[in-house]
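Down below is the structure, laid out as structure tokens.
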Amino acid sequence: MNDLIPDSMMVEDLIERDSRQWNKGLIHNTFSEIDAERILRIPLVRVVHEDFQVWKGEVSGDYSVRSAYKLLLQQSMDPNLLLEHTTYRHFYKKIWGLQLPTKLKITFWRCSKNYIPTLCNLYYKQLSNETVCSKRADLTDFKACF
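Structure follows, in structure tokens:
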């Protein structure tokens with residue numbers, strides 16, 4: 001790029017206002033031949049319109065909480081956690097694809113997420129004062145159910 005280009009120069013300065021065409025002379029005088037040709041290959045819109053925001057998480061450009069959550073997972077997850085998340089997702093797809101009663105699928109899912117109402121879980125949610133099973137004091141998690 002030419003060292004004489006002012007820092008304040010904007011793309012709109014390279015476009016002729018009346019015709020909405022590239023100002024070819026200015027572009028060729030300002031940029032190298034290669035860069036000038038690349039710039040001139042960029043198509044311009046004929047009708048001027050206001051800018052608008054586009055969400056990069058969706059092809060449509062529309063924001064959704066779901067796409068924000070997916071983007072957040074992709075950007076903030078430790079690669080090992082992402083692998084674990086992918087493994088769990090594969091596991092859950094297998095569960096939901098089984099030819100079993102829905103009630104049984106939900107029970108499998110609850111077990112895998114530790115959502116079974118064991119005494120420890122009930123205590124954690126302040127629904128019980130006890131944390132130890134009277135029948136299996138050595139087991140405190142959902143394994144006590146089996």
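As numbered in UniProt numbering, residues 1 to 146 make up the sequence shown, in order.
Glycine included, every Cβ here is placed at the ideal spot set by N, Cα and C.
Only a predicted model underlies this, so the values are computations on that prediction, with no experimental measurement involved.
For Met10 and Tyr88, the rounded distance between their alpha carbons: 49 Å
CB-CB length for Arg46 against Arg20, believed under 8 Å: 6 Å
When DSSP builds the beta bridges, which residues end up paired with Trp22? Ile15
Mapping DSSP to helix, strand and coil, what is Phe52? coil
Is the CB-CB distance between Ile42 and Ile27 below 8 Å? no
Would you identify the three-state DSSP class for Asp62, choosing helix, strand or coil? Looking at Asp62 - three-state DSSP - the assignment turns out to be coil, as it is neither helix nor strand.
Can you say whether Thr118 is buried or exposed, counting buried as having 16 or more other CB atoms within 10 angstroms of its CB? When all chains shown are included, Thr118 counts as buried.
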